[in-house]
Every structure is written in C-alpha cells, then in structure tokens.
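Notes for the one structure printed next.
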Amino acid sequence: MALVIALAKRNAFTVEAYARLFVKSGLRILELGVVEGDAQKRVLAVQMLNFLMKYLNPKSMSSEVELVLQEMRKHVDDEVYFVRVAVHETLGTAERLIREADGENCKIQFSDGEDDNMESKVEAKQEEETNRSSEFKL
C-alpha cells in the first residue's frame, strides 16, 4: 500500500493506468483486515483508497468510486477510532467526486436508484459532521 502511494506521488500517470485494480485490491485488503482483526491494515487500506481518489485523475477510477462509497459506509462504526477517522475522510472524498461528476444537474444518483437534490444532501452532511465532531471530542 505504501508502495502504491509512493509511486503515485512520483509518477501519477503510471498509477492511473492501474487505478481501478489498486482500488479493488485496497478493498480486498480492507476486508482482510476486518477478518484478521488488524486495525493497522484497515487504516492503511482506507488511507490508500483516499489518496488514490484525491490525487489521481478521477476519470481513471470513476467506475469504482461508488463501490468505495458503499464499502466505507460499512466501516463507519468501526471499533477503532483511527479507522473511523480514515473512513469518514474517505467517505467525504468519495462523495465529493460523485458530486463533481454530477455537478451539472445538481443531483446525485446512487445505485439503489434514489435521487436527492443537492441542498438536502448538504444539510444532511452538515448535520452529520456536527454529530461526528461532537463524537470525536470525547
């Protein structure tokens, strides 16, 4: 995972060709970390996914962003604080990429077929962030 991040920093163009494979590998490593109970493996996998989404061309992984979003939602309530923080950051990145992809019509379409307007999503996100910030101040 660190190798993927280091390579992406040095030569993002090379990594973009394999971005979808790296995302799928990161998701497999995340699940393996859950099975093994290895929090460090989960954190590193989530950080790699977030890094790939932030710093590579979104078009190189656009088909995988929805999958990342779904998987991150499964891990929002992880028992380890650092995993939860990484998951929330990655969720924000995935949601931002989806919003940017659908920015013209101001609607977000998820695989379950629901359409929500942008205003209700923003309000829900602000409320969620308020709840999260109070949760992390413990």
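My numbering numbers the first residue of the sequence shown as 160 and each following residue consecutively. Note that the Cβ used here is the ideal one computed from N, Cα and C, for glycine as well.
Span of the alpha helix (DSSP H) around residue i
{"i": "H247", "result": "Y240 to A260"}
{"i": "M207", "result": "A198 to Y214"}
{"i": "S221", "result": "S221 to K233"}
{"i": "A178", "result": "A178 to E195"}
{"i": "K168", "result": "A161 to R169"}
Through-space distance from residue j to residue i, alpha-carbon basis
{"i": "A176", "j": "L215", "result": "10 Å"}
{"i": "G192", "j": "L203", "result": "10 Å"}
{"i": "S219", "j": "V244", "result": "25 Å"}
{"i": "S184", "j": "G262", "result": "29 Å"}
{"i": "Q229", "j": "R169", "result": "29 Å"}
{"i": "E254", "j": "V227", "result": "10 Å"}
{"i": "V224", "j": "L208", "result": "10 Å"}
{"i": "M277", "j": "D236", "result": "With a pLDDT of 46 at M277, under the threshold of 50, the modelled position of this residue cannot be trusted, and the question is left open."}
{"i": "P298", "j": "I188", "result": "A question about residue 298 goes unanswered here, because the residues of the chain that appear run from 160 up to 297."}
{"i": "V174", "j": "R258", "result": "24 Å"}
Check whether residue i and residue j have beta carbons under 8 Å apart
{"i": "S137", "j": "A260", "result": "No answer is possible for residue 137: it lies beyond the span of the chain, which begins at 160 and ends at 297."}
{"i": "R201", "j": "V163", "result": "no"}
{"i": "F211", "j": "F172", "result": "Going by the sequence as given, residue 211 is Leu instead of Phe. Contact flag unset, no."}
{"i": "V239", "j": "A198", "result": "yes"}
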